[in-house]
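Colleague: Got a structure here, written out as structure tokens. Questions coming.
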Amino acid sequence: MKKWMQILVLITSITSASTLLASGGFGEGGDGVSTMPAVTNAKWKTECGSCHMVYHPSLLPERSWKKVMTGLDKHFGENASLDAATHDEITQFLAANSADKQNNRRSSRINQSIPANETPIRISETRYFTSKHDEVSPNTFKRKSVGSASNCVACHKGAEKADFSESQVKIPR
Ligand code: HEC
Ligand code: HEC
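Residue 413 in the numbering used here is what sits at position 85 of the sequence shown, and the numbering runs on without skipping anything.
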């Protein structure tokens, strides 16, 4: 292959790769970045994934994560306290990747759905969540196979990676 042809091939493949990335495929669709970033932290996975699925940082604003983290001794009826170093590392991870640090559509919609004077500690109580689940009945959330609205993975198998695309939704019986 001639040098200029190699360069042309290279440019073409870069362009199609970035088109693929930009199109996302994780729901919300339309213009702009729709994909949740693939972020992870080992301590977050172990500590925050021991009682329930891990909730992706881009699903709540920073002020919500700070509130969750300062209330771990009385966390939804459980004591989820951590040693200071682990606590700080996880808080920083959540804050750095929170919904208000993201430029994907889902995160900004979540943010927009929360009034400025409110600091929810549940994703499942944001207006964004309720508007997306208005067709799911309260009884469906209470099914044994689901447990509660907090158990996103019961219906969204990609939930821990913040993949909520419609093709991945399956409500268990
Ligand atoms: C000792 C068990 C335990 C640990 C450890 C724990 N949680 Fe929880 N968490 C709970 C329980 C119980 C609920 C309420 C679940 C429900 O209502 O079905 C909950 C709910 C939540 C919710 C609200 C989910 C929603 O939108 O309804 C968030 C956010 C959350 N936890 C974050 C965290 C983070 C961050 C950590 C790690 C620092 C953590 N949790 C560690 C027990 C735990
Ligand atoms: C009982 C099953 C169930 C549970 C539990 C559940 N969802 Fe859903 N979710 C659905 C269904 C059904 C839809 C609608 C899908 C559609 O429009 O085709 C949906 C839609 C969504 C959407 C919109 C997808 C899009 O791009 O339009 C998001 C985001 C979402 N859910 C996030 C969550 C989060 C976060 C949790 C946990 C806090 C959760 N869901 C828990 C069933 C569930």
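Idealized CB from N, CA, C, for every residue including glycine.
Assuming SER441 contacts TYR456 under a Cβ cut-off of 8 Å, what Cβ separation, rounded to an integer in Å, is found between them?
Modeller: A Cβ-Cβ separation of about 4 Å places SER441 in contact with TYR456 under the 8 Å criterion.
Colleague: With H, G and I counted as helix, E and B as strand and the rest as coil, what does DSSP make of VAL497?
Modeller: In the structure shown, VAL497 sits in a strand (DSSP, three-state: E or B).
Colleague: What do you reckon, are the CB atoms on THR447 and PRO389 nearer than 9 Å?
Modeller: yes
Colleague: Would you report the Cα separation of ALA412 and SER378, rounded to the nearest angstrom?
Modeller: 18 Å
Colleague: Quick one: Cα of GLU453 to Cα of ALA424, how far?
Modeller: 22 Å
Colleague: Which residue or residues does DSSP assign as beta-bridge partners of GLU406?
Modeller: HIS403
Colleague: To the nearest angstrom, how far is the alpha carbon of VAL474 from that of ILE451?
Modeller: 16 Å
Colleague: Does the distance from the C-beta atom of VAL367 to that of HIS380 stay below 9 Å?
Modeller: no
Colleague: What ranges does the beta strand (DSSP E) occupy inside the region 438-494, keeping only unbroken runs of at least 3 residues that lie completely in it?
Modeller: none
Colleague: Quick check: does the Cβ of CYS483 come within less than 8 Å of any heavy atom belonging to ligand 1?
Modeller: No; taking the cut-off as 8 Å, the Cβ of CYS483 has no heavy atom of ligand 1 nearer than that.
Colleague: Leaving out the 5 sequence neighbours to the left and right, which residues in its chain are closer than 7 Å to LEU400 when beta-carbon positions are compared?
Modeller: ALA408, SER409, LEU410
Colleague: Buried or exposed: where does ASN431 fall if 16 or more other Cβ atoms within 10 Å of its Cβ makes it buried?
Modeller: exposed
Colleague: With 9 Å set as the bound, which would you pick, yes or no: does the beta-carbon of SER436 sit closer than that to a beta-carbon of chain D?
Modeller: Absence of chain D from the displayed structure is noted, only one protein chain being present.
Colleague: So what does DSSP say about HIS415, is it helix, strand or coil?
Modeller: helix
Colleague: I want to check one thing, is the minimum distance from the CB of ASN467 to the heavy atoms of ligand 1 below 8 Å?
Modeller: no
Colleague: Might you give, ordered along the chain, the residues of its own chain that have their beta carbon closer than 6 Å to the beta carbon of SER426, omitting 5 neighbours on each side?
Modeller: PRO385, PRO389, GLU390, TRP393
Colleague: Excluding the 5 residues preceding and the 5 following GLY486 in the sequence, name in chain order all residues of the same chain whose CB lies nearer than 6 Å to its CB.
Modeller: GLN496
Colleague: Just mark ARG433 as buried or exposed, buried being the case when its beta carbon has 16 or more other beta carbons within 10 Å.
Modeller: buried
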